[in-house]
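Let me begin by presenting the structure, written as structure tokens, before commenting on it.
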Amino acid sequence: MDERDDSREAPPVLPGAERAWDVSPEAMARFAEEVENFREIARMLKPAPGELPEVPGLELAAVSRPLYDSLIGGDHLVWIDFKKRFDLPLRIANARRSGRDDVAERLATLRDRSGILLADAAGHRITDALVTAMLHQAFLLGTYYELDINGEITTRLFQHLKQRFYESTGIRKFVTMLYGEVAGDGAFRFVSAGHPLPVIYSRLHERLVHISRDCATVYTPLGMLPPEEEVDEPTEEVYRVPGRGYRVNEIHLMGQRDVMLLYTDGLADHGGGEFFRHRLEDCLRRHQDESAEAIACGIAEDLDRFGPQEDDITYVIVRRT
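First residue of the sequence shown? That's 4 in the numbering used here, and the numbers climb one at a time after it.
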């Protein structure tokens with residue numbers, strides 16, 4: 004028999020608590036409407052990657068798959084076609100008029116190069132997408148100044164981004180980033196802030212070639228450390244953080260139909276990393292004589308067959324024709 008005393012009074016309800024816990028259909032409808040409104044605002048604020056660059060001798064393609072939303076996630080891609088985004092003829096003419104022929108010559112070399120920015124914010128939510136949107140706008144604004152002053156993007160831009168993201172105390176998130184410029188001869192020069200290194204598929208040898216950590220420099224993600232706390236020795240997490248600016252890495256697509264793959268960790272970690280280690284090379288081999296777009300689609304199909312998506316996934320295919 005239950006002999007508990009039911010005569011005790013219920014604890015008092017704080018004024019307004021009924022309204023705070025209002026779960027009526029009307030309240031839920033208002034909440035759902037607010038969430039959808041926030042999603043729409045986020046979609047408007049999330050910048051598009053831009054137009055796919057045209058680089059003679061190369062094909063480019065990309066796939067981006069957010070985890071929770073068909074349009075918004077923590078990954079972000081920016082295509083940099085210098086000719087179309089930054090009106091190179093006008094900038095070259097302005098540089099020559101002001102007597103800065105060296106700047107004009109550097110600007111002219113951008114006709115044959117295109118940039119790729121790939122970023123991955125910690126998390127997969129709408130708010131994480133807004134962090135990469137901030138990077139997108141800051142990077143493009145900085146690029147305008149870099150081109151006008153230096154005639155090219157220099158590593159100082161990334162030092163400034165690193166400082167700004169660390170000082171943005173309201174963010175409290177970090178972002179991995181890889182920015183690189185690819186030329187028609189297959190040269191790819193890049194900097195990495197905590198981002199996975201590219202891999203290359205050799206058509207001649209029909210195998211993946213991984214870049215050794217000893218041959219490339221990877222810095223800490225944006226927002227993780229202030230520049231003044233950087234050191235000159237590798238950390239336990241294989242980041243190298245020299246205190247005197249970023250070092251530029253360079254690799255080459257040497258052979259015809261070689262493929263370079265840039266990616267976020269959603270691809271590297273898919274299926275506990277098993278897809279990347281044991282299926283990716285076979286997938287590239289099966290599609291090795293197809294276009295960059297077909298290779299990108301082939302990887303997407305194999306990802307679906309391998310297992311459910313657990314993270315935002317973005318990757319870029321650069322194929323030498």
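Every residue gets a Cβ at the ideal spot worked out from N, C-alpha and C, and that includes glycine.
Practice task
Could you pull out every residue in the same chain whose Cβ sits closer than 6 Å to the Cβ of Arg322, ignoring the five residues on either side in sequence?
Solution key: Taking the first residue of the sequence shown as position 1, residue 322 is located at position 319. Taken in chain order, the residues that qualify are Glu62, Val262 and Ala295.
Problem - Exposure of Ala30, with buried meaning 16 or more beta-carbon neighbours within 10 Å - result: Working through the sequence shown from its first residue, we reach residue 30 at position 27. It counts as exposed.
Problem - DSSP-derived helix/strand/coil call for Leu207 - result: Walking along the sequence shown from the start, residue 207 turns up at place 204. Note: Leu207 maps to coil in three-state DSSP.
Handout entry: Nearest to Val81 (by Cα), restricted to the options Gly275, Pro50 and Leu113
Key = For the purposes of this step, residue 81 is taken as residue 78 along the sequence shown, with counting starting at 1. Residue Pro50 is the option with its Cα nearest to Val81.
Handout entry: Which of helix, strand or coil DSSP assigns to Met137
Key = Here residue 137 refers to the residue found at position 134 of the sequence shown. DSSP places Met137 in helix when its eight states are reduced to three.
Problem - At least three beta-carbon pairs within less than 8 Å, the region 219-230 to the region 281-288 - result: no
Practice task
Using only the heavy atoms of the ligand ADP, determine whether one of them is closer than 6 Å to the beta carbon of Asp292.
Solution key: Ligands are entirely absent from the displayed structure, and the ligand ADP is therefore not among its contents.
Handout entry: Residue interval of the alpha helix (DSSP H) (run including Leu80)
Key = If you number the sequence shown from 1, residue 80 lands on position 77. Per DSSP, Leu80 belongs to no alpha helix (DSSP H); it is in the beta strand (DSSP E), Asp78 to Asp84.
Exercise for the section: Rank Arg308, Asp104 and Arg159 by C-alpha distance to the C-alpha of Phe278 and give the top, closest one. Expected result: Walking along the sequence shown from the start, residue 278 turns up at place 275. Here the closest residue by C-alpha is Arg308.
Practice task
Using the DSSP secondary-structure output, state which residues sit across from Ile119 in a beta bridge.
Solution key: Translated into the one-based positions of the sequence shown, residue 119 becomes position 116. DSSP output for Ile119 lists Trp82 and Gly183 as bridge partner(s).
Exercise for the section: Compute the Euclidean distance between the alpha carbons of Ala111 and Thr223, then round it to the nearest angstrom. Expected result: What you label residue 111 is simply residue 108 of the sequence shown in a count that begins at 1. What you label residue 223 is simply residue 220 of the sequence shown in a count that begins at 1. Going from the Cα of Ala111 to the Cα of Thr223 covers about 32 Å.
Exercise for the section: Measure the C-alpha to C-alpha separation of Leu225 and Ile298 and round it to an integer number of angstroms. Expected result: Looking up residue 225 in the sequence shown gives position 222. Looking up residue 298 in the sequence shown gives position 295. Approximately 31 Å between the Cα atoms of the pair.
Practice task
May I ask you to report which of helix, strand or coil DSSP gives Ile95?
Solution key: As a working mapping, residue 95 is identified with position 92 in the sequence shown. The answer is helix: DSSP assigns Ile95 an H, G or I state.
Problem - For Ser27 and Ile83, the rounded distance between their alpha carbons - result: What you label residue 83 is simply residue 80 of the sequence shown in a count that begins at 1. What you label residue 27 is simply residue 24 of the sequence shown in a count that begins at 1. Looking at the two C-alpha atoms, the distance is approximately 49 Å.
Exercise for the section: Determine the direct distance from the alpha carbon of Leu150 to that of Ser101, and round the result to whole angstroms. Expected result: For the purposes of this step, residue 101 is taken as the residue at position 98 of the sequence shown. For the purposes of this step, residue 150 is taken as the residue at position 147 of the sequence shown. Taking the straight line joining both Cα atoms gives about 14 Å.
Exercise for the section: Starting from Glu277, trace the beta strand (DSSP E) both ways and give me its first and last residue. Expected result: Indexing the sequence shown from 1 puts residue 277 at position 274. Element bounds for Glu277: not the beta strand (DSSP E) but the alpha helix (DSSP H), Glu277 to His281.
Practice task
Tell whether a beta-carbon distance below 7 Å holds between Leu265 and Ile316.
Solution key: On the sequence shown, position 262 is the one that residue 265 refers to. On the sequence shown, position 313 is the one that residue 316 refers to. No, the pair does not count as a contact, with Cβ atoms beyond the cut-off.
Practice task
List the endpoints of the continuous alpha helix (DSSP H) containing His325.
Solution key: Any property of residue 325 remains undetermined from this structure, which presents the chain solely from 4 to 324.
Handout entry: At least 3 beta-carbon pairs within less than 8 Å: the region 126-135 vs the region 185-192
Key = no
Handout entry: Rounded straight-line distance, which links the Cα of His163 to that of Leu256
Key = Residue numbering aside, residue 256 sits at position 253 when the sequence shown is read from its first letter. Residue numbering aside, residue 163 sits at position 160 when the sequence shown is read from its first letter. Whole-angstrom Cα-Cα distance: 30 Å.
Handout entry: Limits of the beta strand (DSSP E) - the one that Val319 falls within
Key = In the sequence shown, residue 319 corresponds to position 316, counting from 1. Run containing Val319: Ile316 to Arg323, per the beta strand (DSSP E) assignment.
Handout entry: Sequence-distant residues of the same chain with beta carbon closer than 7 Å to Ser205, five excluded per side
Key = Counted from its first residue, the sequence shown places residue 205 at position 202. The answer, listed in chain order, is Val212, Gly258 and Asp261.
Handout entry: Proximity test, Cβ basis, 7 Å: Arg116 and chain B
Key = You won't find chain B in this structure, because it holds only one protein chain.
Practice task
Determine the burial state of Asp78: buried for a count of at least 16 other Cβ atoms within 10 Å of its Cβ, exposed for fewer.
Solution key: Against the sequence shown, residue 78 aligns to sequence position 75. Buried, by the Cβ-count rule.
Handout entry: Short Cβ contact (7 Å threshold) for Thr324 with Gly145
Key = Stepping through the sequence shown from its first residue, residue 324 is reached at position 321. Stepping through the sequence shown from its first residue, residue 145 is reached at position 142. Contact: no.
Exercise for the section: Please determine, among Asn153, Gly154, Asp131 and Leu120, the residue with the shortest C-alpha to C-alpha distance to Phe142. Expected result: The sequence position of residue 142 within the sequence shown is 139, counting from 1. Nearest option by C-alpha distance: Leu120.
Exercise for the section: Please report the Cβ distance between Gly310 and Gly276, rounded to the nearest whole angstrom; I am assuming they are in contact, meaning their Cβ atoms lie under 8 Å. Expected result: On the sequence shown, position 307 is the one that residue 310 refers to. On the sequence shown, position 273 is the one that residue 276 refers to. Contact flag wrong, Cβ pair sits at about 12 Å.
Handout entry: His139 classed as buried or exposed, judged by whether at least 16 other C-beta atoms fall within 10 angstroms
Key = Taking the first residue of the sequence shown as position 1, residue 139 is located at position 136. The residue is buried, with at least 16 neighbouring Cβ atoms inside 10 Å.
Practice task
Reducing DSSP to helix, strand and coil, say where Arg68 ends up.
Solution key: Position 65 of the sequence shown holds residue 68. Residue state, collapsed to three classes: strand.
Problem - Check whether Thr267 and Asp131 have beta carbons under 7 Å apart - result: Counting from 1 along the sequence shown, the entry for residue 267 is found at position 264. Counting from 1 along the sequence shown, the entry for residue 131 is found at position 128. No, the Cβ-Cβ distance between Thr267 and Asp131 is not below 7 Å.
Practice task
Measure the CB-CB distance between Tyr249 and Phe161 and report whether it falls below 7 Å.
Solution key: As a working note, residue 249 is residue 246 in the sequence shown. As a working note, residue 161 is residue 158 in the sequence shown. In terms of Cβ geometry, Tyr249 and Phe161 form a close pair [threshold 7 Å].
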